[in-house]
Amino acid sequence: MSRAALLVLADGRFPAGGHAHSGGAEAAVRAGRITDAASLEAFCRGRLHTSGVVAACVAAAAALGADPGELDRAADARTPSPALRVAARRLGRQLTRAARSTWPSPELDALAASFPKGAHQPVVLGLTARAAGLGALDAAYCSLYEGVSGPATAVVRLLGLDPFDATGVLARLADEVDRAAADAVEVARRVVTDGVDALPARSAPLLEIGAEAHAAWAVRLFAS
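Following this line, the structure appears as structure tokens:
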């Protein structure tokens, strides 16, 4: 297992397309739900413990070798918003391209062939972790960190929030990320033995509603 590979995969400069997505922050800013560091922290915490946990469990299960097709269908069922499903597959397609170039893998090749328009991003993330020689905990950490760092970075651009304040939000969430990652691996192990019904189905209705509204905007800074 390579710690350096984990750094590469988790780096925001890895060309997986995440920089173009705000994780729902753009819609939340327009709705007045994010106005400062405190409200950003509340938003990220909510995202972490709802859709973030689901994505981390999917990624960890994929890293453990659970069937990617079953995981993709489970992720689809747990994403009510069509706009978010489109975004997840777009991100998955971009990550597949980057991962296949960085860590060539028959599993990633097979996934690309099965999902030419892209599998859900957490599924691809888990298989990418496997290809990079990483484990389920690494995949869970990457997924959870992306889930909170994306909105934090976006709000710096959207509101002109001090980057130091945005980074402070991520630091204050660190213990919760640790616990969520460990829990995701436990769930992922059950998925391997019991099937995808073991995955959580936590919802974030405001994220779903915001995504649908955001998709209809004529002008937007981020894709989602």
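Letter by letter, the sequence shown follows residues 915 to 1138 in my numbering.
Even for Gly, the Cβ is constructed at its ideal location relative to N, Cα and C.
Quick caveat: nothing in here was measured; it's all calculated off a predicted structure.
Whole angstroms is fine: what's the gap from residue i's alpha carbon to residue j's?
i, j, result
"arginine 961", "proline 1036", "15 angstroms"
"alanine 1058", "leucine 1073", "It should be noted that the sequence gives leucine, not alanine, for residue 1058. Each residue's Cα considered, the two are about 23 angstroms apart."
"alanine 952", "arginine 1086", "11 angstroms"
"alanine 1102", "valine 1038", "15 angstroms"
"aspartate 1089", "histidine 1128", "31 angstroms"
"valine 1062", "glycine 1109", "28 angstroms"
"serine 965", "leucine 954", "16 angstroms"
"leucine 921", "threonine 1016", "13 angstroms"
"alanine 969", "alanine 989", "8 angstroms"
"glutamate 984", "arginine 947", "35 angstroms"
"leucine 1048", "aspartate 1111", "25 angstroms"
"arginine 1104", "alanine 941", "35 angstroms"
Helix, strand or coil for residue i per DSSP?
i, result
"proline 1018", "coil"
"phenylalanine 1029", "coil"
"aspartate 1097", "helix"
"phenylalanine 1136", "coil"
"histidine 1128", "helix"
"histidine 935", "coil"
"threonine 949", "coil"
"aspartate 1076", "coil"
Pop quiz: residue i and residue j are said to be a contact at Cβ under 8 angstroms. What is the actual Cβ separation, rounded to whole angstroms?
i, j, result
"alanine 1054", "alanine 974", "4 angstroms"
"valine 1083", "alanine 1094", "Going by Cβ atoms, the distance from valine 1083 to alanine 1094 rounds to 16 angstroms, so no, they are not a contact pair."
"alanine 1013", "leucine 1022", "6 angstroms"
Buried or exposed for residue i, going by 16 or more other Cβ atoms inside 10 Å?
i, result
"alanine 977", "buried"
"proline 1119", "exposed"
"threonine 949", "exposed"
"arginine 927", "exposed"
"alanine 1024", "exposed"
Looking at chain C, is there any beta carbon in it that lies within less than 8 angstroms of the beta carbon of residue i?
i, result
"histidine 935", "The structure shown has no chain C; it contains just one protein chain."
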